[in-house]
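Residue numbers (the working numbering): 371 to 577. Shown next, in structure tokens, is the structure this report addresses.
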Amino acid sequence: MTTKRTVKPARRAVKVAGKMSGGTRVAVLDAPEEAPVVVAPVRRRRGAVVVGAVALVMAGLAGWFAIEARDATAVLAHNTALTDVATTAEVSDQIGKALGTVFSYRYDDPAKSEQAAKEVLTGPALGQYDQLFAQVRGLAAEQKLVVTSTAVVSGVKVLDGDRASLLVFLDQTGVRGDGQRSTGAAQLSVSAERAEGKWRVTALAAA
Numbered sequence: 371m372t373t374k375r376t377v378k379p380a381r382r383a384v385k386v387a388g389k390m391s392g393g394t395r396v397a398v399l400d401a402p403e404e405a406p407v408v409v410a411p412v413r414r415r416r417g418a419v420v421v422g423a424v425a426l427v428m429a430g431l432a433g434w435f436a437i438e439a440r441d442a443t444a445v446l447a448h449n450t451a452l453t454d455v456a457t458t459a460e461v462s463d464q465i466g467k468a469l470g471t472v473f474s475y476r477y478d479d480p481a482k483s484e485q486a487a488k489e490v491l492t493g494p495a496l497g498q499y500d501q502l503f504a505q506v507r508g509l510a511a512e513q514k515l516v517v518t519s520t521a522v523v524s525g526v527k528v529l530d531g532d533r534a535s536l537l538v539f540l541d542q543t544g545v546r547g548d549g550q551r552s553t554g555a556a557q558l559s560v561s562a563e564r565a566e567g568k569w570r571v572t573a574l575a576a577a
């Protein structure tokens with residue numbers, strides 16, 4: 371009787387430079403040698419009631435990310451994410467804070483997130499944001515919905531001059547007018563460019 375043995379694929383380490391809890395860090399991720407690095411989406415609930423309105427917002431964002439996904443690492447030839455500490459910290463901090471603001475939403479103050487989007491998103495990303503939240507506004511007002519997003523980790527995968535590719539992790543909480551609460555998390559792959567000293571998002575994808 372012959373026993374077949376499963377051969378595990380070789381693995382390689384991928385370094386990601388970034389910030390977590392106020393400090394610069396370097397994370398090492400293991401991945402199969404023959405496959406690209408793919409980090410599974412994070413989904414969790416902390417015993418809270420799942421609010422239908424919040425679920426719709428999260429689903430809409432996931433669809434937007436998938437539509438506008440572009441792999442920036444294919445065109446970035448020189449990676450200084452691990453050596454240019456100052457610029458790595460700059461892009462990580464700016465993009466993390468900006469996305470936290472963009473994906474936070476108050477039914478009674480929609481202008482705040484919309485203005486933030488205009489400041490940090492550009493090109494197709496901004497157009498998709500406008501299209502998505504045009505659908506969300508009515509439901510948010512009806513449910514008196516407040517969504518809060520906070521960037522907990524922002525790691526720079528690739529840095530090439532004024533272009534960068536990042537992984538951003540957002541904690542998200544949705545609260546309805548009747549007090550019902552929903553929590554979850556999103557993991558985003560982000561492409562960004564710097565113009566006049568400010569980093570702006572050019573593409574997003576669910577990572």
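By construction, the Cβ of each residue, glycine as well, lies at the ideal position given by its N, Cα and C atoms. Just so you know, these numbers come straight off a predicted model, no measurement behind them.
Mind reading off the beta-carbon distance from residue i to residue j? Whole number of angstroms is fine, and I expect it under 8 Å.
i, j, result
"Leu491", "Val472", "7 Å"
"Ala562", "Val571", "5 Å"
"Val534", "Ser559", "Strictly speaking, residue 534 in this sequence is Ala, with Val absent from that position. Between Ser559 and Ala534 the Cβ distance is about 12 Å, and since that is not below 8 Å, they are no contact."
"Ser519", "Ser474", "5 Å"
Taking the C-alpha atoms as reference points, what is the distance between residue i and residue j?
i, j, result
"Ala504", "Leu496", "12 Å"
"Tyr499", "Ile465", "16 Å"
"Val455", "Val528", "12 Å"
"Glu512", "Asp541", "24 Å"
"Leu536", "Asp478", "31 Å"
"Arg564", "Ala521", "20 Å"
"Thr458", "Gln557", "19 Å"
"Gly470", "Gln501", "19 Å"
"Ala573", "Pro494", "8 Å"
"Arg415", "Gly531", "Residue confidence for Arg415 is low, a pLDDT of 45 falling below 50, so the modelled location carries little weight; the figure read from the coordinates is stated next. Roughly 39 Å separates the two Cα atoms."
"Lys514", "Thr453", "46 Å"
"Trp569", "Ser462", "9 Å"
"Ala487", "Arg476", "14 Å"
"Ser483", "Gln550", "22 Å"
"Asn449", "Gln485", "32 Å"
List the DSSP bridge partners of residue i.
i, result
"Thr543", "Thr518, Thr553"
"Glu563", "Arg533, Arg570"
"Ala576", "Leu558"
Can you say whether residue i is buried or exposed, counting buried as having 16 or more other CB atoms within 10 angstroms of its CB?
i, result
"Gly554", "buried"
"Glu566", "exposed"
"Arg546", "buried"
"Gly525", "buried"
"Ala468", "buried"
"Ala481", "exposed"
"Gly544", "buried"
"Ala383", "Residue confidence is low: Ala383 scores 48 on pLDDT, short of 50, so the model does not pin down where it sits. No coordinate-derived value is stated."
Counting only beta-carbon atoms, is residue i nearer than 8 Å to chain D?
i, result
"Ala459", "In the structure shown, chain D does not exist; there is a single protein chain."
In chain order, which alpha helix (DSSP H) runs of at least 4 residues are fully inside the region 460-512?
480-490
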